[in-house]
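Trainee: Please read through the structure below; I'll follow up with questions.
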Amino acid sequence: MKELAVKNYRTAEGQKISQDGNEFTVKPIVAQADVNQCRVNFVEVEPGSFAYGYHYHETDEEVFYIISGTGIVRTINGDVTVKAGDAITFPAGPEGAHVIRNGSDTEKLVYIDFDTNNLPEIVHFPDTNQVMAYGKFSNGIYDKK
Numbered sequence: 001m002k003e004l005a006v007k008n009y010r011t012a013e014g015q016k017i018s019q020d021g022n023e024f025t026v027k028p029i030v031a032q033a034d035v036n037q038c039r040v041n042f043v044e045v046e047p048g049s050f051a052y053g054y055h056y057h058e059t060d061e062e063v064f065y066i067i068s069g070t071g072i073v074r075t076i077n078g079d080v081t082v083k084a085g086d087a088i089t090f091p092a093g094p095e096g097a098h099v100i101r102n103g104s105d106t107e108k109l110v111y112i113d114f115d116t117n118n119l120p121e122i123v124h125f126p127d128t129n130q131v132m133a134y135g136k137f138s139n140g141i142y143d144k145k
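In terms of the UniProt record's numbering, the numbers along the sequence shown are unbroken and rise by one, the last being 145.
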């Protein structure tokens, strides 16, 4: 990290992401451009939506800490329900594949997403047979052959 920072998920500015009728907001606490070892974001998931799609990382590990709401996490071993106060960890590799969706019809799901920052990184999306590759000088999503 380049500097000390204090952020609150209620007032932090975010980027709304819409994909195929799915909506979530990412609010960087420690943005990719400001890190050497880890990234941290607040993530808000609207009722009926999920964040990012089912994926796993080749080198990065992730931890979600649930601030409010209820999430249903799809994993390689089935669904796991998480609630405010829970933390769930995802190792690198196929065994860490995951996607979190909002388990409520009315309440927003809010969590903190802690990620290691190993560059370059490859993210696999098994449901779409795609990979995302990113590094200091490149970023793209590609179809697997």
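Using N, Cα and C, we set each Cβ at its ideal position, and we do this for glycine too.
Where do the N-terminal and C-terminal ends of the beta strand (DSSP E) with K27 fall, by residue?
Mentor: 22 to 30
Trainee: Within 10 Å of its beta-carbon, does E62 have 16 or more other beta-carbons around it, so buried, or fewer, so exposed?
Mentor: buried
Trainee: From the DSSP output, read off the bridge partner residues of Y56.
Mentor: H124
Trainee: Since Q19 sits in a beta bridge, which residues does DSSP pair it with?
Mentor: N22
Trainee: Taking DSSP as the reference, what is the three-state secondary structure of G96?
Mentor: helix
Trainee: Quick check on the burial criterion: 16 or more other C-beta atoms within 10 angstroms. Buried or exposed for L109?
Mentor: Looking at its Cβ environment, which holds 16 or more other Cβ atoms inside 10 Å, L109 is buried.
Trainee: On the CB-based measure, 16 or more other CB atoms within 10 Å of its CB, does Y142 come out buried or exposed?
Mentor: exposed
Trainee: Does DSSP classify A87 as helix, strand or coil?
Mentor: strand
Trainee: Considering only DSSP beta bridges, list what M132 is partnered with.
Mentor: V123, I141
Trainee: In whole angstroms, what is the alpha-carbon distance linking S49 and V43?
Mentor: Taking the straight line joining both Cα atoms gives about 12 Å.
Trainee: According to DSSP, simplified to helix, strand and coil, what is A51?
Mentor: Strand at A51.
Trainee: Using 8 Å as the cut-off, can you tell me whether the region 78 to 86 makes contact with the region 124 to 132, which would need three or more C-beta pairs spanning the two stretches below that distance?
Mentor: no
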